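Novice:
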Amino acid sequence: MPPDWPARLASEQDEHRRTRERLEMLSAASFEGLFIHIDGVIIDVNARLLEMSGYTRDEALAPDFMRRCVAPEDLPEVLRRIVNRVEGEYVITGVRRDGSRFLAELFSKQGALGERPVRVVSIRDVTERERTNILLRESEARFRELAAAAFDYTVFSRDGVVVEAHGDVERVIGRSARDMVGRKILDFIAPSGQPLVTDMLRLNKVGAYETAGLLPDGETVPVHIVVAASTLDGQSVRVAGVRDLRAAKRLEAERRALEQQVERAQRLDSLGVLAGGIAHDFNNLLAGILGNAELLTENATGEDRESVGAIITAAQRAAALTRQMLAYAGQRDLGRREPVDLGAVVHELRTLLDATLSKKAKLTLTIEPRSVVLGDRATIGQVLMNLLTNASDALGDAPGEIHVRATHVREVDARWDAAQGATVGPGAWVLVEVRDSGVGMDETTRGRVFEPFFTTKEQGHGLGLAACLGIVTAHGGAVLVESELGRGTCFSILLPATELAVLVAEESVRPRAPATPCRVLVVDDEALVRTQLRRSLELRGYTVEEASDGRAALARLLGSGTQPDVVVLDLTMPDVDGAEVLLRVRAAGSRVPVVISSGYLDVSIERRLPRGEFQGFLAKPYGSTELVTAIERARAAR
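In the numbering used here, the protein residues as written are 5 to 642.
#1: Rounded to the nearest angstrom, what separates Ser628 and Asp569 at their Cα positions?
#2: Per DSSP, what are the beta-bridge partners of Gln114 in this structure?
#3: Check for me: the beta strand (DSSP E) holding Gln239 runs from which residue to which?
#4: Helix, strand or coil for Asp446? Go by DSSP, reduced to three states.
#5: Among Asp237, Ala252, Ile371, which residue has its Cα nearest to the Cα of Asn137?
#6: Start and end of the alpha helix (DSSP H) containing Pro199?
#7: Roughly how many whole angstroms lie between the Cα atoms of Lys188 and Ala154?
#8: Using the Cα positions of Leu537 and Gly425, report the straight-line distance between them to the nearest angstrom.
#9: Where does Val225 fall in DSSP's three states?
#10: Among His170, Val166, Leu200, Arg254, which residue has its Cα nearest to the Cα of Ser240?
#11: How big is the Cα-Cα spacing for Leu504 and Gly385?
#12: Would you call Asn208 buried or exposed, if buried means 16 or more other Cβ atoms sit within 10 Å of its Cβ?
#13: Quick check on Asn88: buried or exposed, where buried means 16 or more other Cβ atoms within 10 Å of its Cβ?
#14: Would you kindly check if the distance between the Cβ of Ile96 and the Cβ of Asp78 is under 7 Å?
#15: Can the beta-carbon of Arg560 be found less than 7 Å from the beta-carbon of Pro597?
#16: What three-state label does DSSP hand Val312 in the structure shown?
#17: Please determine, among Glu437, Met56, Asp581, the residue with the shortest C-alpha to C-alpha distance to Asp553.
#18: Give the straight-line distance between the Cα atoms of Pro578 and Val533, rounded to the nearest whole angstrom.
#19: Let me know if Val90 comes out buried or exposed under the rule of 16 or more other beta-carbons within 10 Å of its beta-carbon.
#20: Suppose you measure from the CA of Val524 to the CA of Ile475; what does that come to, to the nearest Å?
#21: Where does Gly292 fall in DSSP's three states?
#22: Among Leu392, Asp380, Gln198, Leu255, which one has its Cα closest to the Cα of Leu369?
#23: To the nearest whole angstrom, what separates the beta carbons of Leu573 and Val599, a pair I think is in contact under 8 Å?
#24: Residue ranges of each beta strand (DSSP E) run of no fewer than 3 residues wholly in the stretch 367-393, ordered along the chain?
#25: Helix, strand or coil: which one does DSSP assign to Gly98?
#26: Give the range of the beta strand (DSSP E) segment to which Leu525 is assigned.
#27: Compare the Cα-Cα distances from Leu587 to each of Phe618, Gln567, Ser602 and report the closest residue.
#28: Classify Arg409 as helix, strand or coil using the three-state DSSP reduction.
#29: Nearest-angstrom Cα distance between Arg182 and Glu223?
#30: Can you list, in chain order, the residues of its chain whose CB lies under 6 Å from that of Lys364, leaving out five sequence neighbours each side?
#31: Just tell me which of Val225, Val266, Ala422, Glu455 has its CA closest to the CA of Ala252.
#32: Pick helix, strand or coil for Phe106, following the three-state DSSP scheme.
Structure below.
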């Protein structure tokens with residue numbers, strides 16, 4: 005034995021002791037449990053495993069420890085891995101000594117002790133990690149559900165590349181969700197929107213913005229995108245919720261169009277009130293001018309008669325102008341309505357307009373049989389004449405075509421949402437279209453075409469189409485204009501159809517001297533009108549009384565004196581108007597015949613008129629012939 009053997013032995017034992025201490029320290033300080041087994045029989049464990057499981061060292065080294073510390077449902081998989089010597093990570097449910105459970109992540113590795121093969125296994129308690137992962141997956145699922153409810157589709161991307169997509173992708177951009185995966189986000193963005201999206205990706209921005217998606221055929225679709233940072237399967241991603249804006253843009257355009265339509269209607273209504281007010285006052289003046297001019301005619305001779313005739317002609321032209329203003333203002337004739345055959349009216353107008361329509365215009369008529377509406381023949385004829393004249397003017401000196409078509413319709417299409425006039429819907433209508441191949445109109449002109457005093461003609465007062473709108477509206481119809489520069493214009497009119505047969509016009513009642521003395525009460529707030537009516541009627545043998553306002557008329561009609569035979573009652577008067585006078589007179593039981601007279605029908609007053617309680621209507625200005633005829637008819641009606 006070498007002389008230094010005792011020292012060498014002591015040194016080796018000391019080294020073994022220090023090594024064992026280091027191993028025990030590493031084993032005790034390990035954050036993971038460790039054990040070594042041979043074919044499922046544990047031969048060694050560290051302190052961390054005992055701490056984690058609650059077992060003692062002797063219990064851990066017992067032959068049945070594996071079955072005690074592994075949950076029954078996971079034991080078959082653990083034994084299979086031992087038998088097949090499978091290495092790697094997997095998660096099982098561990099059972100502590102007190103029976104509580106925990107999630108354990110195992111990592112097994114084949115090793116050797118000397119020549120004996122052993123399996124070294126590390127165990128980590130991953131209960132909190134797995135609970136966090138479960139919560140994360142639940143959060144991701146809720147996020148996807150919310151995104152699916154809030155957006156048309158959702159795109160998950162990483163580094164600008166799509167990793168997943170969900171939702172109605174194909175409907176919006178014409179591709180399947182599967183086709184998007186693996187491709188760049190920019191592949192699905194229109195060129196106009198790529199700079200913005202590139203900036204968002206480069207700076208990792210989140211938030212909302214609008215851009216344009218790209219369809220496979222190169223078409224674009226407006227989209228609203230909301231970008232947020234999130235996770236997918238535990239990894240960071242960018243989530244983009246995409247909403248198709250086509251429907252919203254369409255609704256917005258419709259809303260703007262509706263606002264413009266309402267604004268235009270309000271402007272036209274305001275102009276209509278102004279036009280009606282001017283026409284009312286002007287008609288009172290014209291009534292006095294025409295009436296007195298007619299009185300002068302009876303005694304005038306020579307040049308004086310010619311001068312009076314010129315006055316009457318000028319006044320009649322002024323009256324025609326105010327009638328157009330009243331038509332635009334929605335003036336309604338309180339006389340009776342009758343069936344009007346539009347085909348007959350159009351053919352009559354064709355004969356009348358042969359001399360005025362462009363000689364280069366080819367006029368074509370397509371009129372369905374029984375195109376009959378209920379209304380006033382004269383004003384409907386005025387509408388058609390104005391439209392035909394307008395179509396002829398649109399052709400100018402160039403050759404072109406004018407096509408007039410009348411047909412029956414029951415369903416109206418979406419175009420009529422932009423029409424002006426009364427609101428139209430399903431029902432019995434007659435559609436009249438006047439189409440020309442003329443110069444057409446731009447959008448600005450189309451928007452103002454029905455405004456009074458707006459005209460594109462060198463000569464004209466701009467009341468023709470304005471009057472058309474008023475007349476059609478008064479008949480419960482609507483007007484639609486469609487036109488483009490260089491492509492002509494089409495004016496379409498919808499009027500309520502009627503099944504009533506067209507009657508032969510009655511022979512007008514000729515004025516005659518009253519068979520017996522007739523007393524007439526003239527009620528008007530205009531002294532000029534009262535004086536002219538009194539003189540005109542007295543010359544024809546009538547006895548005339550005057551009332552300067554509604555209160556004076558009531559005092560006369562409700563008094564105890566002799567009642568007049570006929571009352572000529574102005575409708576629009578201050579304080580007590582004609583409608584109120586008629587209501588009170590009828591309420592008192594008086595059945596005196598009443599002829600309503602007005603230069604302008606205020607809608608609020610007209611609504612209060614008791615229907616069937618007046619016997620005639622005179623629109624100012626009117627001549628002595630119309631006045632006498634109305635009085636005689638009123639007397640005959642009673």
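Glycine included, C-beta positions come from ideal geometry on N, C-alpha and C.
Small disclaimer: the values here were computed from a predicted structure and weren't measured.
Specialist: Well, looking at it:
#1: The residue labelled residue 628 in the question sits at position 624 within the sequence shown. The residue labelled residue 569 in the question sits at position 565 within the sequence shown. If I take the Cα positions, the gap works out to 18 Å.
#2: Numbered from 1 along the sequence shown, position 110 holds the residue referred to as residue 114. Residue pairing for Gln114: DSSP places it in a beta bridge opposite Arg123.
#3: For the purposes of this step, residue 239 is taken as the residue at position 235 of the sequence shown. Here the beta strand (DSSP E) through Gln239 covers 239-248.
#4: Mapped onto the sequence shown, residue 446 falls at position 442. Note: Asp446 maps to coil in three-state DSSP.
#5: Residue 137 sits at position 133 when you count from the first residue of the sequence shown. Nearest of Asp237, Ala252, Ile371 to Asn137, Cα basis: Asp237.
#6: Within the sequence shown, residue 199 is the residue found at index 195, counting from 1. Here the alpha helix (DSSP H) through Pro199 covers 198-206.
#7: Looking up residue 188 in the sequence shown gives position 184. Looking up residue 154 in the sequence shown gives position 150. For Lys188 and Ala154, the distance between alpha carbons rounds to 24 Å.
#8: For the purposes of this step, residue 537 is taken as the residue at position 533 of the sequence shown. For the purposes of this step, residue 425 is taken as the residue at position 421 of the sequence shown. Spanning the two alpha carbons is a distance of roughly 37 Å.
#9: Residue 225 sits at position 221 when you count from the first residue of the sequence shown. The answer is strand: DSSP assigns Val225 an E or B state.
#10: Within the sequence shown, residue 240 is the residue found at index 236, counting from 1. For the residues His170, Val166, Leu200, Arg254, the minimum Cα distance to Ser240 belongs to Val166.
#11: As a position in the sequence shown, residue 504 is number 500, starting the count at 1. As a position in the sequence shown, residue 385 is number 381, starting the count at 1. Across the structure, Leu504 and Gly385 are spaced so that their CA atoms are roughly 19 Å apart.
#12: What you label residue 208 is simply residue 204 of the sequence shown in a count that begins at 1. Flag for Asn208 reads exposed.
#13: Working through the sequence shown from its first residue, we reach residue 88 at position 84. Looking at its Cβ environment, which holds fewer than 16 other Cβ atoms inside 10 Å, Asn88 is exposed.
#14: Residue mapping note: residue 78 aligns to position 74 of the sequence shown, counting from 1. Residue mapping note: residue 96 aligns to position 92 of the sequence shown, counting from 1. Going by C-beta atoms, Asp78 is nearer than 7 Å to Ile96.
#15: Counted from its first residue, the sequence shown places residue 560 at position 556. Counted from its first residue, the sequence shown places residue 597 at position 593. In this structure, Pro597 does not lie closer than 7 Å to Arg560 by Cβ.
#16: As a working mapping, residue 312 is identified with position 308 in the sequence shown. Residue state, collapsed to three classes: helix.
#17: Taking the sequence shown and counting its residues from 1, the one referred to as residue 553 is at position 549. Ranking Glu437, Met56, Asp581 by Cα distance to Asp553 puts Asp581 first.
#18: As a working mapping, residue 578 is identified with position 574 in the sequence shown. As a working mapping, residue 533 is identified with position 529 in the sequence shown. Distance between the alpha carbons of Pro578 and Val533 is about 16 Å.
#19: Numbered from its first residue, the sequence shown carries residue 90 at position 86. Result: exposed.
#20: Taking the first residue of the sequence shown as 1, we reach residue 524 at position 520. Taking the first residue of the sequence shown as 1, we reach residue 475 at position 471. Taking the straight line joining both Cα atoms gives about 33 Å.
#21: Counting from 1 along the sequence shown, the entry for residue 292 is found at position 288. Gly292: helix per DSSP, three-state reduction.
#22: Walking along the sequence shown from the start, residue 369 turns up at place 365. Out of Leu392, Asp380, Gln198, Leu255, Leu392 has the C-alpha closest to the C-alpha of Leu369.
#23: The residue given as residue 573 occupies position 569 in the sequence shown. The residue given as residue 599 occupies position 595 in the sequence shown. Their Cβ separation, rounded to whole angstroms, is 7 Å, which keeps Leu573 and Val599 in contact under 8 Å.
#24: 376-379
#25: Here residue 98 is taken as the residue at index 94 of the sequence shown, counted from 1. Looking at Gly98 - three-state DSSP - the assignment turns out to be strand.
#26: By 1-based counting over the sequence shown, the position of residue 525 is 521. Here the beta strand (DSSP E) through Leu525 covers 523-527.
#27: Within the sequence shown, numbered from 1, the residue matching residue 587 stands at position 583. Of Phe618, Gln567, Ser602, the residue nearest in Cα terms is Phe618.
#28: Position 405 of the sequence shown, counting from 1, holds the residue named residue 409. If DSSP states are grouped into helix, strand and coil, Arg409 belongs with the strands.
#29: The sequence position of residue 182 within the sequence shown is 178, counting from 1. The sequence position of residue 223 within the sequence shown is 219, counting from 1. C-alpha separation (whole angstroms): 21 Å.
#30: Against the sequence shown, residue 364 aligns to sequence position 360. Counting only Cβ-Cβ distances below 6 Å, and skipping sequence neighbours, we find Pro403.
#31: Position 248 of the sequence shown holds residue 252. Cα-wise, what sits closest to Ala252 is Val225.
#32: Within the sequence shown, the letter at position 102 stands for residue 106. Three-state result, Phe106: strand.
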